[in-house]
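Colleague: Can you keep this structure in mind? I'll have questions shortly.
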Amino acid sequence: VFCLFEVKSSKYKLLQQTKVNALSTVDGEGQEEGTECRRLRGGGPHQTGDMNLCWNEIKRKSHNIRARLEAFSDNSGKLQLSLQEIIEWLTAKDEELSEQLPIGGDVGAVQHQREFHQAFMEDVKSRGPFIYSVLESAQAFLAQHPFQEPEETLTDGKEVSPRRRILNVSRSVWKQANVASDLWEKLTARCVDRHRHMERTLERLLQIQAAMEELAVALEQAEGVRDAWEPVGDLFIDSLQDHIDATKLFKEELTQVKEGMKHINDLAHQLAISDVHLSMENARALEHLNSRWKVLQGSIEERLKQLQDAHRDFGPGSQHFLSSSVQIPWERAISPNKVPYYINHQAQTTCWDHPKMTELYQALADLNNIKFSAYRTAMKLRRVQKALRLDLVALSSLVEVFREQELQQGEHVMDVVEVIHGLTALYERLEEERSILVNIPLCVDMCLNWLLNVYDSARNGKMRVLSFKMGLVILCNADVQEKYKYLFRQVSGAGGLTDQRHLSLLLHEAIQIPRQLGEVAAFGGSNVEPSVRSCFRMAPGKPAIEVSHFLEWMSLEPQSMVWLPVLHRVAAAESTKHQAKCYVCKQCPIKGFRYRSLKQFNVDICQTCFLTGRTTKGKKLHYPIMEYYTPTTSGEKMRDFAMTLKNKFRSKQYFTKHPQRGYLPVQSVLEAESSETLAEMESQNCSFFTDSLSPDESLDEDQYLLRHSSPALDHDSPCGQHMLLAHLEHQDKEQLQRTLARLENENRVLQGEYRRLKWKHEEAVSVPMLTEAGEGGLGSPTVGEQQDEELLAEARVLRQHKTRLETRMQILEDHNKQLESQLRRLRELLLQCSLKVIQAYCMELTGSLPSIHSLFSLLFFLYFYFVAQNISKLATELLKYLAQDLPLIIIYETVSFLMSKKKQI
Numbered sequence: 074v075f076c077l078f079e080v081k082s083s084k085y086k087l088l089q090q091t092k093v094n095a096l097s098t099v100d101g102e103g104q105e106e107g108t109e110c111r112r113l114r115g116g117g118p119h120q121t122g123d124m125n126l127c128w129n130e131i132k133r134k135s136h137n138i139r140a141r142l143e144a145f146s147d148n149s150g151k152l153q154l155s156l157q158e159i160i161e162w163l164t165a166k167d168e169e170l171s172e173q174l175p176i177g178g179d180v181g182a183v184q185h186q187r188e189f190h191q192a193f194m195e196d197v198k199s200r201g202p203f204i205y206s207v208l209e210s211a212q213a214f215l216a217q218h219p220f221q222e223p224e225e226t227l228t229d230g231k232e233v234s235p236r237r238r239i240l241n242v243s244r245s246v247w248k249q250a251n252v253a254s255d256l257w258e259k260l261t262a263r264c265v266d267r268h269r270h271m272e273r274t275l276e277r278l279l280q281i282q283a284a285m286e287e288l289a290v291a292l293e294q295a296e297g298v299r300d301a302w303e304p305v306g307d308l309f310i311d312s313l314q315d316h317i318d319a320t321k322l323f324k325e326e327l328t329q330v331k332e333g334m335k336h337i338n339d340l341a342h343q344l345a346i347s348d349v350h351l352s353m354e355n356a357r358a359l360e361h362l363n364s365r366w367k368v369l370q371g372s373i374e375e376r377l378k379q380l381q382d383a384h385r386d387f388g389p390g391s392q393h394f395l396s397s398s399v400q401i402p403w404e405r406a407i408s409p410n411k412v413p414y415y416i417n418h419q420a421q422t423t424c425w426d427h428p429k430m431t432e433l434y435q436a437l438a439d440l441n442n443i444k445f446s447a448y449r450t451a452m453k454l455r456r457v458q459k460a461l462r463l464d465l466v467a468l469s470s471l472v473e474v475f476r477e478q479e480l481q482q483g484e485h486v487m488d489v490v491e492v493i494h495g496l497t498a499l500y501e502r503l504e505e506e507r508s509i510l511v512n513i514p515l516c517v518d519m520c521l522n523w524l525l526n527v528y529d530s531a532r533n534g535k536m537r538v539l540s541f542k543m544g545l546v547i548l549c550n551a552d553v554q555e556k557y558k559y560l561f562r563q564v565s566g567a568g569g570l571t572d573q574r575h576l577s578l579l580l581h582e583a584i585q586i587p588r589q590l591g592e593v594a595a596f597g598g599s600n601v602e603p604s605v606r607s608c609f610r611m612a613p614g615k616p617a618i619e620v621s622h623f624l625e626w627m628s629l630e631p632q633s634m635v636w637l638p639v640l641h642r643v644a645a646a647e648s649t650k651h652q653a654k655c656y657v658c659k660q661c662p663i664k665g666f667r668y669r670s671l672k673q674f675n676v677d678i679c680q681t682c683f684l685t686g687r688t689t690k691g692k693k694l695h696y697p698i699m700e701y702y703t704p705t706t707s708g709e710k711m712r713d714f715a716m717t718l719k720n721k722f723r724s725k726q727y728f729t730k731h732p733q734r735g736y737l738p739v740q741s742v743l744e745a746e747s748s749e750t751l752a753e754m755e756s757q758n759c760s761f762f763t764d765s766l767s768p769d770e771s772l773d774e775d776q777y778l779l780r781h782s783s784p785a786l787d788h789d790s791p792c793g794q795h796m797l798l799a800h801l802e803h804q805d806k807e808q809l810q811r812t813l814a815r816l817e818n819e820n821r822v823l824q825g826e827y828r829r830l831k832w833k834h835e836e837a838v839s840v841p842m843l844t845e846a847g848e849g850g851l852g853s854p855t856v857g858e859q860q861d862e863e864l865l866a867e868a869r870v871l872r873q874h875k876t877r878l879e880t881r882m883q884i885l886e887d888h889n890k891q892l893e894s895q896l897r898r899l900r901e902l903l904l905q906c907s908l909k910v911i912q913a914y915c916m917e918l919t920g921s922l923p924s925i926h927s928l929f930s931l932l933f934f935l936y937f938y939f940v941a942q943n944i945s946k947l948a949t950e951l952l953k954y955l956a957q958d959l960p961l962i963i964i965y966e967t968v969s970f971l972m973s974k975k976k977q978i
């Protein structure tokens, strides 16, 4: 009621103001007419008639003005009242629209709100014609009564003119019309927006409701399938793979359910963004569907994991089939990290090694009587290779298995299960390719045991892919050069280059094999840095090497890898038979390696006698030695004859002072003594081919030169034996030059050692003097007799050390003088004995025997510079040897030549 009263009061005040304005206008015009009447009246009596006319005119105009003012007052008052009424109505409707509840999250609630809003919009729409007519009337009124002057602020007491009042009324109508128009546009826009929002919300809610119904049915069916699953423990082992495939297919079929859940959640998220929250019922239903879907997903993943674990543990690719690799009382067990171990129920013990592997290690101990580390290691590896059946596996098969198992990255870590899968695939391929029966469980278990012993002795259950490849490639059946190339590719980059770090990793993996056999000390130890530096000397100044550099270095048989080519020679010599009799055990024919003395004629030794150091009673093996692992050819016989004949003129001191190794020594850089020589390192690390053959013999007598013959290089050349002997003569000259360079290098080393010892000697001389001075200066009553005795003992030790240093210096000086004398003799020999002199002497021989000219020139060359006292003994031994392989004419010419040269001397 109060609000209604306020509205009526404001309308009444507006009408009164309009009336006052109209009356003021009329009064103003009346005053103007009165002024005119007074003007006329002051004109005199003759103007009385005019005054009457003027008065009548004034009355007429006053009447018109009054009528016009009443009409203006009625029109403006009604228009303003209508505009004010519209403004109030629009304001009320806008407030009513704002007070409506937010859109609900339920289909029923939204439909009810939509019906209410449609009725509200109809009400607003029905009011529209009236509002438009009032606004048009206001526009027409403003067209009749325009206003341009700005609104003025009146001072108190100043009257407003009628014209100003009319302008104020027009301005008031304009303002009200603008307010009403803005409110109408705003209200209609809000109504339309809310209607559209309701329509979109209702559409999404209907989609959510339909999708939730469909998903509820799909989840119910999927849960029925899940409930029908049999426990994994009740399934047959052979059917595990089928159940795995079925579970994966079932998981793929639920992809639509997954997409439907995602669609529902996206719709709910869109509604939340538009400030529409699902009802409690819908929110609970959606949450229940999500929880059911998560439980179903978890059940599928758990089922699949159980099946895969069962298939891995008991299926064809699992360790379950490896249980047959051992026999009673042994049992194969698996640790938590999948590493196998073995239980002996009879002895109630456990061990990491397979029973067959234990027997193999015991059999390898029988090879410890082999004196040479490289051959001892190679023969042990050969037994391991045969026991693991890897001697039947080709490198191409290994590469194919590595590709199938996706073992490309060398630094990737494999677990035991992956290793077993790879080995199983390898032996299955071997059985298929070779068409032989292979005990796959035993071979896989033995090979796994060997790889774990070499690369995972702590049984962590992990090894690098490079380790896995190295252990198999080293023992497979392939050419050694192909092995080198493949292993180099495993650590090389995209450009076929490898740096020191990757080469160090490769050599470290390789050296683990002799380390497992307890032979690593003979190959330079576990430190591979010296070997890496030695290899990079093939490409000086370069940060990376190519495969050609690596192959060139490996062809020199470096100390850390010499056991690998020896393994290949051992394998090649197993099936070789030599038509010769062993000089020691009289075995004929010789099987395996054949060792021929290049110092004595007709002395051949079998591999058992040679490698174990067995000799005949009262005789010992003379150096040097030639090793054969293939049957000898005529060219090799001629070459050995020439070398034997040449070595007859050489003394024992020559072989002692010119030792040659069958491998490339690698120097280890020690922090304490970086100036340690290669000879000292070799004496510390052990030598391969200079071990003594008898404990009673001296070292000088036991050193010999061991060479091996390669069938790829030792075949008869088309040029015949003449070119072979000429090549040997050229090699002899090159050997002398290399000997000269080596002696000069040794001389520099000895001079450095001499200077170092001289410095130590001077230090030792100065220390006793300081000690004696200290004893004289510190003789105070506070020093006891015990301290005096300690100082005297220290002085005696220093004097003894001084004496030893002086003796060693004297020995080194004598040795240095001998080396200088040998260097002078070698220089004179190289200057005097030129090829022209040799050819001149060759022309004296019989022209019908051109094939032995080079041999005669070599004989004279050797005879010229060695001692001639043993020439008769040499002729006798030479005759025995020549009787086997050479014609009598060659024997006759050779003996005649030797005797004639002796007479000339």
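Each residue of the sequence shown is one higher than the last, beginning at 74 in the numbering used here. Glycine residues also receive a C-beta, built at the ideal position from the N, C-alpha and C atoms.
For LYS556, is the classification buried or exposed, using 16 other Cβ atoms within 10 angstroms of its Cβ as the cut-off for buried?
Modeller: It counts as buried.
Colleague: The beta strand (DSSP E) with VAL486 in it runs from where to where?
Modeller: First-last of the beta strand (DSSP E) with VAL486: 486-488.
Colleague: Thinking C-alpha only, which one of ILE239, ALA356, LEU313 is nearest ILE281?
Modeller: Minimum Cα distance to ILE281 is reached at ALA356.
Colleague: Taking the beta strand (DSSP E) that ASP518 falls in, what are its first and last residues?
Modeller: Taken as a continuous stretch (DSSP letters only), ASP518 belongs to no beta strand (DSSP E), being part of the alpha helix (DSSP H) at 513-528.
Colleague: Do VAL486 and ARG537 come within 9 Å of each other at the CB atom, strictly closer than that value?
Modeller: Contact flag set, yes.
Colleague: Give me, in chain order, the residues of the same chain whose beta-carbon lies closer than 6 Å to that of ARG502; leave out the 5 immediate sequence neighbours on both sides.
Modeller: Within the same chain, ARG502 has close Cβ partners SER470.
Colleague: Ignore the nearest five residues each way along the sequence and tell me which others in LEU327's own chain have a CB closer than 7 Å to its CB.
Modeller: Excluding residues within five positions, the ones whose Cβ falls inside 7 Å are ALA295.
Colleague: With 16 as the cutoff for other CB atoms within 10 Å, does GLU592 come out buried or exposed?
Modeller: By the neighbour-count rule (16 or more Cβ atoms within 10 Å), GLU592 is buried.
Colleague: Could you tell me if CYS682 is buried or exposed, where buried requires 16 or more neighbouring beta carbons within 10 angstroms of its beta carbon?
Modeller: It counts as buried.
Colleague: For ILE698, does the three-state DSSP call read helix, strand or coil?
Modeller: In this structure, ILE698 counts as strand in the three-state DSSP scheme.
Colleague: Starting from ASN417, trace the alpha helix (DSSP H) both ways and give me its first and last residue.
Modeller: Counting along the chain, ASN417 falls outside any alpha helix (DSSP H), though it belongs to the beta strand (DSSP E) covering 413-417.
Colleague: Going by beta carbon distance, what residues of the same chain come within less than 8 Å of VAL601, once the five residues before and after it are set aside?
Modeller: Contacts found: SER577, LEU580, HIS581, ILE584, SER633.
Colleague: Taking the alpha-carbon of ASN363 as reference, which of LEU515, LYS335, GLN343 has the nearest alpha-carbon?
Modeller: Selected option, being the one with the closest Cα: LYS335.
Colleague: Any heavy atom of the ligand PLP closer than 8 Å to the Cβ of SER446?
Modeller: With respect to the ligand PLP, the structure offers nothing, as it holds no ligand at all.
Colleague: Take ALA715 as the anchor and find which of PHE674, HIS185, ARG385, GLY534 has the nearest alpha-carbon.
Modeller: Considering only alpha carbons, the answer is PHE674.
Colleague: Whole angstroms is fine: what's the gap from ASP348's alpha carbon to LYS324's?
Modeller: So the alpha carbons of these two residues sit roughly 36 Å apart.
Colleague: Between the C-alpha atoms of ARG669 and PRO704, what's the straight-line distance to the nearest angstrom?
Modeller: Near 12 Å, if we compare the C-alpha coordinates of PRO704 and ARG669.
Colleague: Could you compute how far the alpha carbon of GLY849 sits from the alpha carbon of GLU862?
Modeller: Summary for GLY849: the model assigns pLDDT 43, below 50, so the residue's position carries little reliability, and this model does not support an answer.
Colleague: Can you give me the C-alpha to C-alpha distance between GLU709 and PRO402, rounded to a whole angstrom?
Modeller: Rounded to the nearest angstrom, the two C-alpha atoms are 56 Å apart.
Colleague: From GLU506 to GLN458, what does the alpha carbon distance come to, in whole angstroms?
Modeller: Computed Cα separation, rounded: 19 Å.
Colleague: Going by the DSSP bridge assignment, what does TYR668 pair with across the sheet?
Modeller: DSSP output for TYR668 lists ILE678, GLU700 as bridge partner(s).
Colleague: Should VAL412 go down as buried or exposed, given a rule of 16 or more other Cβ atoms within 10 Å for buried?
Modeller: Per the 10 Å Cβ criterion, buried.
Colleague: Using DSSP's beta-bridge definition, name the partner residues of GLU404.
Modeller: Paired residue(s): ILE416.
Colleague: According to DSSP, simplified to helix, strand and coil, what is ASP179?
Modeller: ASP179 falls in the coil class under three-state DSSP.
Colleague: Name the two residues that bound the continuous beta strand (DSSP E) containing CYS655.
Modeller: Segment: none, CYS655 is in no beta strand (DSSP E) and carries neither H nor E.
Colleague: Buried or exposed: where does ASN522 fall if 16 or more other Cβ atoms within 10 Å of its Cβ makes it buried?
Modeller: Its Cβ being crowded by 16 or more others within 10 Å, ASN522 is buried.
Colleague: Which whole-angstrom value describes the C-beta separation of ASP257 and ILE204, a residue pair presumed to lie in contact below a C-beta threshold of 8 Å?
Modeller: The residue you asked about is not Asp; residue 257 is Trp in the sequence shown. Contact flag correct, Cβ pair sits at about 6 Å.
Colleague: Count the other CB atoms within 10 Å of the CB of SER540; is the residue buried (16 or more) or exposed (fewer)?
Modeller: Buried.
Colleague: Can you grab the Cα-Cα spacing for the pair ARG821 / LEU885, in whole Å?
Modeller: Straight-line Cα distance between these residues: approximately 12 Å.
Colleague: Spatial neighbours of MET271 within its chain, please: CB distance less than 8 Å, with the 5 preceding and 5 following residues excluded, ordered by chain position.
Modeller: Correct list, in chain order: ILE176, VAL183, GLN186, ARG187, HIS190.
Colleague: Residue range of the alpha helix (DSSP H) that MET543 falls in?
Modeller: Per DSSP, MET543 belongs to the alpha helix (DSSP H) from 538-548.
Colleague: What do you get for ASP769, buried or exposed, if any count of 16 or more other CB atoms within 10 angstroms of its CB means buried?
Modeller: In this prediction, ASP769 has a pLDDT of 34, which is less than 50 and means its spatial position is unreliable; what the coordinates show is noted afterwards. Its Cβ having fewer than 16 others within 10 Å, ASP769 is exposed.
Colleague: Run through the DSSP bridge pairs and tell me what LYS335 is partnered with.
Modeller: Paired residue(s): none; LYS335 is not in a bridge.
Colleague: Counting pairs of Cβ atoms below 8 Å between the region 612-627 and the region 564-571, do you hit three or more?
Modeller: Flag = yes, the region 612-627 and the region 564-571 touch.
Colleague: Find the nearest neighbour of HIS316 within the set VAL330, ALA301, GLN329, judged by alpha-carbon distance.
Modeller: Comparing Cα-Cα distances from HIS316 to each of VAL330, ALA301, GLN329, the minimum goes to ALA301.
Colleague: How is ILE618 classed by DSSP in three states: helix, strand or coil?
Modeller: Strand.
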